[in-house]
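Student:
Chains as they are written, first to last, in the numbering used here: chain E, 5 to 264; chain V, 2 to 320.
Structural data, given as structure tokens:
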């Protein structure tokens, strides 16, 4: 069983994330970055599947600037076997469409039965890359699993849709994405941290993937941002302390706002 | 007249509200045509006409229900090919965004997800607004290649009725074997609660860790206001309330007229799902909780005392 886990290095959601003034891309240098929390669930699932299999190999794949090696290292510390880092200046500003192209080309160079992804990145939050990868690779899309089971070559998930809960299955090869309803990711152990230092990480550029520089990046994006604006902070309202009449006071406010 | 395709979100022909919102937005850009995939179109036709759909394209194939996402993306791609619309609007549902992603690759067109507003730009092409980074920033964008594909968040606009001809055009689809790889082996409809749907409600009452797992006061207050019930991630992770009610970054994003947060501290995860609500009130024991930075009105107190009293007061006032 060969598993490729796609992960993204993102600006910390707890920090004051912002955009580059000049080109409206996400500011990836002014804010500390980390392995996207939602991708940790995918790494965890990959390791769980691998542990139940005799000859499993898990590769972590990340497309991004130099700092993305931090995300790869974290996955290696958690127990992933090896890493691939695709980095190229031309990739800066790529949209999901170009990102999925680069990922798909890199995945095609690797051996795989299952491609695992998180449900969305925590920065752009589009949640479309796994579906795009399935489309590009021409393999099954088994996405947004809140539970994942792999038995032989069958992949099965529980998918919580908007109006119903579905059980969905396919045969490998498949692109699988998992939600934060799957088990919490493990912390790297001391042994894992030490072992990660010796694990191989390959660096690939666009030329290694048969992707032309003009197929990616901001200039090649199929959509364009004309403005970004910080929302003005909400003005803090009235706060009362409940001294026995808090509920009535609350309703008085709601009534004044015509909600009651 | 410029044709705008709107993918209908429905359950066996019962049209869901986001579809009407999309038809309303589509009228700003051109003439809306609804795209109905699956069975039940006879039932849906009149309601689509009532929100201005001039045409209703209908395709039905068992693959739409039997397999995940890919068959619908193929059908939509085939329709775009023949109808050459000026834009395709799709609800930002679980399935909608994935259909949109695959469609973008198939028809080599730009994609914008989770728009909260769409207007006709200078050249008449759609210009979108998105709310990003946990609602802290807004982004204005447009598609620069192919047929713009835009997914729209629920509640982006108030649906406005309009009369459309809704002339039905059945179109033939051919679903490839490659699109029939991921089988839906079981589907369980979620039980109806009798309350409004979370993403569609004008009032949402949400409970957090402070409920201690007891949602009775939350549900009772919600019912007195005719509101939907929501929950924080902590509540869902503890198994106190189902995941489908989670408000936040990895749950639902809501933007109601009134949001009531009870026993919710207001972590970034949660704020991402509710901070664009028009009016926010909170009840929390901890006066230092970050949720109070967002509120229009806040009560520092125990929700188990404050909410039942508030519920009684609402019932009394409503007579």
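Just so it is clear, CB atoms sit at the ideal spot from N, CA and C, and this is done for glycine as well. What you are looking at is a predicted structure, and each value in this text was computed from that prediction instead of being measured.
Shorter than 8 angstroms from the beta carbon of residue 143 of chain V to some beta carbon of chain E?
Tutor: Judged by the 8 angstroms Cβ criterion, residue 143 of chain V is in contact with chain E.
Student: Using a Cβ cut-off of 8 angstroms (strictly closer), state whether residue 309 of chain V contacts chain E.
Tutor: yes
Student: Taking the C-alpha atoms as reference points, what is the distance between residue 242 of chain E and residue 260 of chain V?
Tutor: 15 angstroms
Student: Which residues, in chain order, does the stretch 181-210 of chain E contribute to contact with chain V at a C-beta distance below 8 angstroms?
Tutor: 183, 184, 185
Student: Work out the CA separation of residue 61 of chain E and residue 276 of chain V for me, nearest whole Å.
Tutor: Cα to Cα, residue 276 of chain V sits roughly 42 angstroms from residue 61 of chain E.
Student: Assign residue 256 of chain V to buried or exposed, taking buried as 16 or more other Cβ atoms, counted over all protein chains shown, within 10 Å of its Cβ.
Tutor: buried
Student: Scan the stretch 160-176 of chain E for residues whose Cβ lies nearer than 7 angstroms to a Cβ of chain V and list them as they occur along the chain.
Tutor: Those residues of the stretch 160-176 of chain E that come within reach of chain V (Cβ to Cβ, closer than 7 angstroms) are 164, 165, 166, 167, 168, 169, 170, 171, 172, 173, 174.
Student: Could you tell me the alpha carbon to alpha carbon distance between residue 184 of chain E and residue 74 of chain V, rounded to whole angstroms?
Tutor: 26 angstroms
Student: Taking beta-carbon pairs under 8 angstroms, can you tell me which members of the stretch 245-262 of chain V lie near chain E?
Tutor: 245, 250, 251, 258, 259
Student: Name the residue from V/88, V/80, V/281, V/208 whose alpha carbon lies nearest to the alpha carbon of residue 297 of chain V.
Tutor: V/281
Student: Can you find a C-beta in chain E that's less than 8 angstroms from the C-beta of residue 43 of chain V?
Tutor: no
Student: Closest to residue 20 of chain V by CA distance: which of V/160, V/248, V/168 is it?
Tutor: Distances from the CA of residue 20 of chain V to each of V/160, V/248, V/168 were compared; the closest alpha carbon is that of V/160.
Student: Check whether chain E comes within 8 angstroms of residue 293 of chain V, counting only Cβ atoms and requiring the distance to be less than that.
Tutor: Output row for residue 293 of chain V: interface = yes.
Student: If you follow the beta strand (DSSP E) that residue 152 of chain E is in, where does it begin and where does it stop?
Tutor: Per DSSP, the continuous beta strand (DSSP E) segment holding residue 152 of chain E begins and ends at 144-155.
Student: Is it true that the CB of residue 250 of chain V sits closer than 8 angstroms to the CB of residue 273 of chain V?
Tutor: yes
Student: Can you give me the C-alpha to C-alpha distance between residue 244 of chain E and residue 166 of chain V, rounded to a whole angstrom?
Tutor: 54 angstroms
Student: For chain E, find out if any of its Cβ atoms is closer than 8 angstroms to the Cβ of residue 179 of chain V; answer yes or no.
Tutor: yes
Student: Do the stretch 89-97 of chain E and the stretch 207-222 of chain E make contact, defined as three or more Cβ pairs closer than 8 angstroms?
Tutor: yes
Student: Ends of the alpha helix (DSSP H) at residue 131 of chain E?
Tutor: Element bounds for residue 131 of chain E: n/a, residue is neither H nor E.
Student: Looking at residue 20 of chain E: is its Cβ nearer than 8 angstroms to the Cβ of residue 35 of chain E?
Tutor: yes
Student: Look up residue 164 of chain E in the DSSP assignment and say whether it is helix, strand or coil.
Tutor: strand
Student: For residue 147 of chain E, would you say it is in contact with chain V, using Cβ-to-Cβ distances shorter than 8 angstroms as the test?
Tutor: yes
Student: According to DSSP, is residue 22 of chain E part of a helix, a strand, or is it coil?
Tutor: Residue state, collapsed to three classes: coil.
Student: Tell me whether residue 96 of chain E sits in a helix, a strand or coil according to DSSP, three-state version.
Tutor: coil
Student: What runs of the alpha helix (DSSP H), each 4 residues or longer, lie entirely inside the stretch 67-105 of chain V?
Tutor: 71-84
Student: In the DSSP assignment, find the unbroken alpha helix (DSSP H) run with residue 321 of chain V in it and report its ends.
Tutor: Here chain V comprises residues numbered 2 to 320, so residue 321 of chain V is not present and cannot be evaluated.
Student: Given that residue 252 of chain E touches chain V, what residues does it touch there, using C-beta distances under 8 angstroms?
Tutor: 310, 311, 314
Student: Let me know the secondary structure DSSP gives residue 250 of chain V once reduced to three states.
Tutor: coil
Student: Can residue 304 of chain V and residue 263 of chain E be called in contact, C-beta distance under 8 angstroms?
Tutor: no
Student: Cβ closer than 8 angstroms: which chain V residues qualify as neighbours of residue 156 of chain E?
Tutor: Neighbours of residue 156 of chain E on chain V: none; closest Cβ ~16 angstroms, over 8 angstroms.
Student: Fully enclosed by the stretch 10-47 of chain V, which beta strand (DSSP E) runs are 3 residues long or longer?
Tutor: 32-38
Student: On the DSSP bridge list, what partners appear for residue 206 of chain E?
Tutor: E/88
Student: Among V/114, V/211, V/77, V/214, which has the Cα closest to the Cα of residue 1 of chain V?
Tutor: Examination of residue 1 of chain V is not possible in this model, given that chain V is present from 2 through 320 alone.
Student: Return helix, strand or coil for residue 119 of chain E, following the three-state DSSP convention.
Tutor: Residue state, collapsed to three classes: strand.
Student: Compare the C-beta of residue 118 of chain E with all C-beta atoms of chain V and state if any pair is closer than 8 angstroms.
Tutor: Residue contact with chain V for residue 118 of chain E: absent (no Cβ-Cβ distance below 8 angstroms to any residue of chain V).
Student: Going by C-alpha to C-alpha distance, which of E/30, E/5, E/252, E/6 sits closest to residue 13 of chain E?
Tutor: Looking at the Cα atoms, E/30 is the closest of the given residues.
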